[in-house]
Amino acid sequence: MAEELVIEKYVIRLLVRGVMYLVLLVIAAYPVDWVVWRARVAAGDGMGQVQVSEMTAAEMKGGKETYYFNGTSMVDCSESLYPQAGAGACWWVKRHPIVTTKY
1 MAEELVIEKY
11 VIRLLVRGVM
21 YLVLLVIAAY
31 PVDWVVWRAR
41 VAAGDGMGQV
51 QVSEMTAAEM
61 KGGKETYYFN
71 GTSMVDCSES
81 LYPQAGAGAC
91 WWVKRHPIVT
101 TKY
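Those letters in the sequence shown? Residues 1 to 103, by this note's numbering.
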């Protein structure tokens with residue numbers, strides 16, 4: 001019985017450490033990503049554009065929604081891991097090419 005508690009504490013300690021290191025890695029990755037992105041911007045390759053489809057969703061009676069297609073447009077995006085300069089990361093925008101605005 002006591003041996004099981006020791007193993008449980010050890011496993012919990014390992015899990016907490018693993019989560020802590022993962023959070024620290026994600027936090028430390030942002031400044032590195034920003035420096036790399038700024039270097040790419042200085043070289044002229046830090047920003048890109050992706051074509052997205054824009055739609056408007058209007059709520060109707062009875063909980064139904066109607067979708068209106070607004071066309072396509074080019075959206076600025078940053079060639080980085082995290083969003084930079086107020087633009088989404090290109091890898092994210094490319095995987096989510098439909099932008100829906102709900103009213």
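Heads up, the beta-carbon is just placed ideally off N, CA and C, and yes, glycines get one too. Remember, it's a predicted structure, so these values are computed and weren't measured experimentally.
_DSSP three-state assignment for Glu4, whether helix, strand or coil_ = helix
*May I have a chain-ordered list of the alpha helix (DSSP H) segments no shorter than 4 residues that lie completely inside the region 37–96?*
90–95
*asked:* Relative to the C-alpha of Glu65, which candidate in Met55, Thr72, Gly71, Ser73 has its C-alpha closest?
replied: Met55
_Burial state of Ser53 (16 or more Cβ within 10 Å)_ = exposed
*Which word fits Gln84, buried or exposed, when buried means at least 16 other C-beta atoms lie within 10 angstroms of its C-beta?*
buried
*In the DSSP assignment, what residue or residues form a beta bridge with Met99?*
Note on residue identity: the sequence assigns Val, not Met, to residue 99. In DSSP, Val99 forms a bridge with Glu54.
*Taking all protein chains shown into account, do 16 or more other C-beta atoms lie within 10 angstroms of the C-beta of Ser78, making it buried, or fewer, making it exposed?*
buried
*Is the region 69–77 in contact with the region 40–53, if contact means three or more CB pairs nearer than 8 angstroms?*
Taking 8 angstroms as the limit for Cβ pairs, the verdict is that the region 40–53 does touch the region 69–77.
*When the Cα of Gly63 is compared with those of Met47, Leu15, Gly88, Tyr103, which residue comes out closest?*
Tyr103
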